[in-house]
Structure formats: structure tokens, C-alpha cells
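What follows is a single structure, written as C-alpha cells, with notes after it.
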Amino acid sequence: MISEEQATQFGELGYFVAEGGFAPALLQVMSEEMDRVYREHLDQARTGGDAAAVEAVRNRRSYSQFHLLSPVAAQFVQEPIYQEACRRFVGPDADLYYNQAATKPPERGRIFSWHQDSGYVHTEPLEYITCWTAITDSNLDNGCIWIIPGSPKWGLLEHIPEPETAERYGGKTAQFADESGAIPVEMRAGQVAIFSSLMLHKSGPNISADSIRRGFVPQYHVPHLIAKHTGQAWGDQVPVLRGGKRVG
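What follows is the structure, encoded as C-alpha cells:
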């Protein structure tokens, strides 16, 4: 599923877009799972009778460690496209580092500023891979991601808290001067943007009338990844590959 040309592009520019090879029915189930988790959180907030809590759920629509909330997602993180990406860019032994369901509803999802995934937690080793997966079509109107090809070669940049997103997402903004090389990454449902954790990326607002942008974002790293600020193991630490073979 990953060609030599794509692997070369990853080395040169830090990203490529691949066909995920997912069955359409599986994408539909993942989409339904995202809706289910959202509805459950919304119902809980409504039961509490707190209008602010209800609005917070409506604005959030992003769930970390989604594999713990959805048994479907717990299996989805082991899909062949992710295993192949791990073999090529992580190594024969790889773990799930983090995963997130990222839903951007129409006329509500906001801009997520420029950042590097490695800018949130400094790890050793520093670099890992992100697999931004379009569960539904992702385009300019509904808030697709943007990247700056080649930016992983700039290294880790300083990040500061982003007031607009810090409360909901722990958002941070990378400090850099030149975004002239930025490009949108529009994807059909089932495509996967695989990029370095040092890739500068952002997402735009969903300005569509009725298109919900649903993405699933698993990340993978070598086993025993350490967070520098604690000196301890960090991330989901779910084994994916050992000796190049699927775990579980």
C-alpha cells in the first residue's frame, strides 16, 4: 500500500498521502462510533443540567485515547496501513503512542493553529509518526488539515499556549515566521496522511453548511518512549508490532 515513491517523499518532505484500504463499512462504523461517544457525553452533560457543560461538549468534539472509548477503534489502530507505516518508518517493533477522534462540525469547528505534534510533549526519541485518517471526506470547506512540506527539517520549534484552543484541546502554537509553503491536504474518506511528528500542520474552520469532518489520528513510536519532563514511559504504550509482526 505504501510505494517506494511515497517512502522517498516521506524522507524528503516529511509526509505523503496513501490509500488506507479500509472497507467502506468499517469507515461507516467508525463514523457511527464517533457519533455515539459524542452523544453519550452530551447526554451526560444534559443530565447534569449545566448549560455551560452542554456547550463545552458541543464545542469539543475531540476525544483522546479513543481506543479506550470504542472497541472498534481499539481494533482500527491495528489496520494494515498503520502496520506497514510502522515497519517502514518506525521499525520492526512499534507501539501506539496516542490516538484521537477529531470531529469538526459545520459552522462550529474552529481553526486549530500551526503546531508540531512533538511540540506538546518532548520525548526521547523525539520523532514519531502521525497517521491522519479521513473517516469522511476532508476538504477546504469542512476544515481539512494544512501542512508545510519539508518543515520537519526545521527541527523542534518553540510552542506557546494558544488561548483559543488551550482550554478545550491543550492547544499550542508553533513560533515560526514563514508559512508561504503551506498547502491544504484534501482527502477522500479512507485516505491517510502519514507525516512526521515534526511536521508543521494546522486545520481550518468548517465553513460548510452540513458537512461534518471526521478524522481519526493514531500515532506510533518505538517501544519504551520516554517523556523528557518525567523520565518515564509516555503515551498509550499499546504494542502494535514485535519483530515486524502484528501483536494480538
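Read in order, the letters of the sequence shown correspond to residues 548 to 795 in the working numbering.
Every residue gets a Cβ at the ideal spot worked out from N, C-alpha and C, and that includes glycine.
Since we're looking at a predicted model, the values are computed, not measured.
Selection from the options that minimises the alpha carbon distance to residue i
i: Ala592; options: Glu580, Asn606 and Glu579; result: Asn606
i: Lys719; options: Ser660, Gly751, His669 and Gln625; result: Ser660
i: Arg635; options: Gly558, Lys700 and Leu615; result: Gly558
i: Ala780; options: Gln647, Thr670, Thr680 and Glu587; result: Thr670
i: Val764; options: Pro699, Ala620, Glu631 and Pro639; result: Ala620
i: Ala756; options: Ser550, Leu574, Gln622 and Pro652; result: Pro652
i: Asp688; options: Pro752, Arg789, Gln766 and Ser609; result: Pro752
i: Lys792; options: Gln622, Pro639 and Tyr767; result: Pro639
i: Pro571; options: Ala598, His614, Ala681 and Val564; result: Ala681
i: Leu797; options: Ser698, Gln784 and Val794; result: One cannot answer for residue 797 here, as it falls past the ends of the chain, which runs 548 to 795.
CB of residue i within 9 Å of CB of residue j, strictly
i: Phe742; j: Ile658; result: no
i: Ala736; j: Thr683; result: yes
i: Thr650; j: Arg761; result: yes
i: Ala721; j: Glu705; result: yes
i: Leu673; j: Leu560; result: no
i: Glu602; j: Ile754; result: no
i: Trp679; j: Leu747; result: no
i: Tyr585; j: Arg608; result: yes
Burial state of residue i (16 or more Cβ within 10 Å)
i: Pro627; result: exposed
i: Ala724; result: exposed
i: His776; result: exposed
i: Ser532; result: Residue 532 is absent from the model: the chain starts at 548 and stops at 795.
i: Glu579; result: exposed
Chain-order list of residues whose beta-carbon lies under 6 Å from that of residue i (same chain, five-residue window excluded)
i: Asp582; result: none
The stretch 767–777 in contact with the stretch 693–706 per 3-pair CB rule at 8 Å: no
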